[in-house]
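Have a look at the structure below, then the notes.
Protein chains: 2
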Amino acid sequence: MNKYMKIANEQALKGINNQEGGPFGAIIIDQNDKIVGIGNNQVLKEKDPTLHAEIVAIKNACKTLDTHDLSGCTIYTSCEPCPMCLSAIIWANIKTAYYGCTKKDAADIGFRDDDIYEFIKGQNQMINLKQLDREECLDVMKKYKGKMY
Amino acid sequence: MNKYMKIANEQALKGINNQEGGPFGAIIIDQNDKIVGIGNNQVLKEKDPTLHAEIVAIKNACKTLDTHDLSGCTIYTSCEPCPMCLSAIIWANIKTAYYGCTKKDAADIGFRDDDIYEFIKGQNQMINLKQLDREECLDVMKKYKGKMY
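From first to last, the protein sequence lines stand for chains A and B.
Each position in the first sequence, counted from 1, maps to that position plus 141 in the numbering used here.
Each position in the second sequence, counted from 1, maps to that position plus 141 in the numbering used here.
Pasting the structure below:
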């Protein structure tokens, strides 16, 4: 077994045993193969639906490296990232992600990852999304143009 | 202008003025129209790529209500949620979301929201996603089955 995936998987097991959240773990290494962030799902423990394993690992890596930019890093996660975590990986500028279980495996134990992928692809209607007041919001957005991160 | 969207938009402006991150704000109300969470993008301020306005608002609402489950709540956000935030809204069990600007508007000022949507739909290759060690990871996942959150 890949040594980093093994650690991610051990994090998943730890999360189950401690009843911190779902069975998911992740680890991030930098370009020198040094571990910079590690995490497991802590949704129940922290009462925070955003604290999936990958998000926790990204937060920890950002603290370790003192930056929001994880360019050059690689993430290993015990399950295929949900769209939230996949997007977080992209926003963190991580370019390579390895995963163990699939979103179908996650669906088999009751998680909605696959449904969310289908919603984003327009194949179901999980929530209502409505637009309003674009003009006023665009006025504020335009004040920002040119600045990037 | 809708009174909640007005507050979300004011949060976006505050974020620009304080150089905390991108021009995005959000607010969450409960089923009695009481404000339970508010937020703006704090990616730069907190050096955390996951702290988009909607995520900050969700975290604050979860603290206010002391739960990871925001069923019955509604979110207003000054820009169409990126896939990370849209998924976080779903994981939080929020069923209705109002947004001001569009993902195309965000692209016009340099943000990659729309690219990430296209990646998830299989229309580009922003990062490398590879599977490994499914069998060992599935062994851990199976220990969890039946527990839900």
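Virtual Cβ for every residue (Gly too), placed ideally from N, Cα, C.
The model shown is predicted, which means the values in this text are computed figures rather than measured ones.
Alpha carbon to alpha carbon, how far is residue j from residue i? Give it in angstroms, no decimals.
i                : j                : result
aspartate 274/A  : asparagine 143/B : 7 angstroms
histidine 209/A  : glutamine 160/B  : 15 angstroms
tyrosine 290/A   : threonine 243/B  : Only weak support is given to the placement of tyrosine 290/A: the predicted model assigns it a pLDDT of 46, under 50, and the value that follows is read from those uncertain coordinates. Approximately 19 angstroms, taken between the alpha carbons.
proline 190/A    : leucine 185/B    : 22 angstroms
lysine 109/B     : alanine 248/B    : Nothing can be reported for residue 109/B: it is not among the residues displayed for chain B, which extend from 142 to 290.
glycine 156/B    : glutamate 187/B  : 12 angstroms
tyrosine 240/A   : serine 219/A     : 5 angstroms
glutamine 183/A  : aspartate 280/B  : 20 angstroms
glycine 251/A    : alanine 149/A    : 21 angstroms
glutamate 277/B  : proline 164/A    : 13 angstroms
aspartate 207/B  : lysine 286/A     : 37 angstroms
tyrosine 217/A   : isoleucine 170/B : 36 angstroms
asparagine 265/A : glutamate 259/A  : 6 angstroms
proline 222/B    : asparagine 173/B : 24 angstroms
methionine 282/A : alanine 194/A    : 32 angstroms
alanine 229/A    : asparagine 158/B : 25 angstroms
isoleucine 176/A : glutamine 152/A  : 14 angstroms
glycine 213/A    : tryptophan 232/A : 13 angstroms
leucine 154/A    : glycine 166/A    : 8 angstroms
leucine 211/A    : lysine 147/B     : 34 angstroms
isoleucine 261/B : aspartate 256/A  : 13 angstroms
arginine 253/B   : isoleucine 268/A : 23 angstroms
isoleucine 168/A : lysine 236/A     : 14 angstroms
Could you check if residue i belongs to the surroundings of the ligand ZN, using beta carbon to heavy atom distance under 7 angstroms?
i            : result
lysine 204/B : With respect to the ligand ZN, the structure shown offers nothing to examine, as it has no ligands at all.
Quick one: give me the first and last residue of the alpha helix (DSSP H) that residue i is part of.
i                : result
leucine 227/A    : 224-232
isoleucine 157/B : 144-158
isoleucine 196/A : 194-206
isoleucine 261/A : 254-261
glutamate 187/B  : 184-187
leucine 211/B    : Premise fails: leucine 211/B is in no alpha helix (DSSP H) and is neither H nor E.
lysine 284/B     : 275-285
aspartate 174/B  : Run containing aspartate 174/B: none; DSSP gives neither H nor E here.
Give a yes or no on whether 8 angstroms exceeds the smallest Cβ distance from residue i to chain B.
i                : result
serine 228/A     : yes
isoleucine 196/A : yes
aspartate 246/A  : yes
lysine 200/A     : yes
cysteine 214/A   : no
tyrosine 258/A   : yes
Quickly, what does DSSP pair residue i with across the bridge? List them, please.
i                : result
alanine 238/A    : Ile216/A and Leu270/B
isoleucine 179/A : Ile168/A
Under 8 angstroms, Cβ to Cβ, is there at least one residue of chain A near residue i?
i                : result
valine 184/B     : yes
glycine 180/B    : no
threonine 237/B  : yes
aspartate 174/B  : no
threonine 205/B  : no
asparagine 159/B : no
tyrosine 290/B   : Low per-residue confidence applies at tyrosine 290/B: pLDDT is 46, beneath 50, and the placement is therefore not dependable enough to give any value.
alanine 233/B    : yes
alanine 153/B    : yes
aspartate 189/B  : yes
isoleucine 170/B : no
isoleucine 148/B : no
methionine 142/B : yes
Would you verify that the beta carbon of residue i is, or is not, closer than 8 angstroms to some beta carbon of chain E?
i            : result
serine 219/B : Note that chain E does not occur in the displayed structure, where the protein chains are A and B.
Legend entry - Short-range partners of chain B found in the stretch 262-285 of chain A, where Cβ spacing is below 9 angstroms: For the stretch 262-285 of chain A, which is checked against every Cβ of chain B, the residues closer than 9 angstroms are Lys262, Gly263, Met267, Ile268, Asn269, Leu270, Lys271, Gln272, Leu273, Asp274, Arg275, Glu276, Glu277, Cys278, Leu279, Asp280, Val281, Met282, Lys283, Lys284 and Tyr285.
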